[in-house]
Amino acid sequence: MHVEYSGLIARLTGANSDQFSMQAGDNVENLLKKVLSRHEALAKGKSALFIAVNRKALPAHLSAWRQQLLYDGDRVMITVRIIGG
């Protein structure tokens with residue numbers, strides 16, 4: 211699974227993207243566990259993460275991450291939510 215990082219997340223990970231091995235039927239929550247395992251610096255700010263799959267923003271809560279299944283060819287973007295305005 212190809213994961214792209216943007217903004218502060220790219221700076222914290224030291225990368226613009228990563229590749230992760232996923233199983234059929236895995237969801238965003240499982241992917242995020244792999245991301246956080248590889249980049250422990252992101253774990254403290256988990257609640258501030260903005261995740262999009264195929265350019266569709268996901269709600270920032272665990273149940274949405276569990277429901278969103280991932281498939282070959284999906285594009286996942288992780289960045290920081292912008293609040294305020």
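Numbering (my numbering), first residue to last: 211 to 295.
Backbone N, C-alpha and C fix where the C-beta goes; we use that ideal spot for every residue, glycine too.
This one's a predicted model, so the numbers in the text were calculated from it and none came from an experiment.
Annotation for Arg285: the continuous beta strand (DSSP E) segment containing it runs Arg285 to Val290. Looking at the DSSP output, Lys266 shares a beta bridge with Val263.
The count of Cβ pairs closer than 8 angstroms, one atom from the segment 268-277 and one from the segment 225-232, stays below three, leaving the stretches out of contact. At least 9 angstroms separates the beta-carbon of Leu241 from that of Leu252.
In the DSSP assignment, the residues bridged to Asn237 are Leu279.
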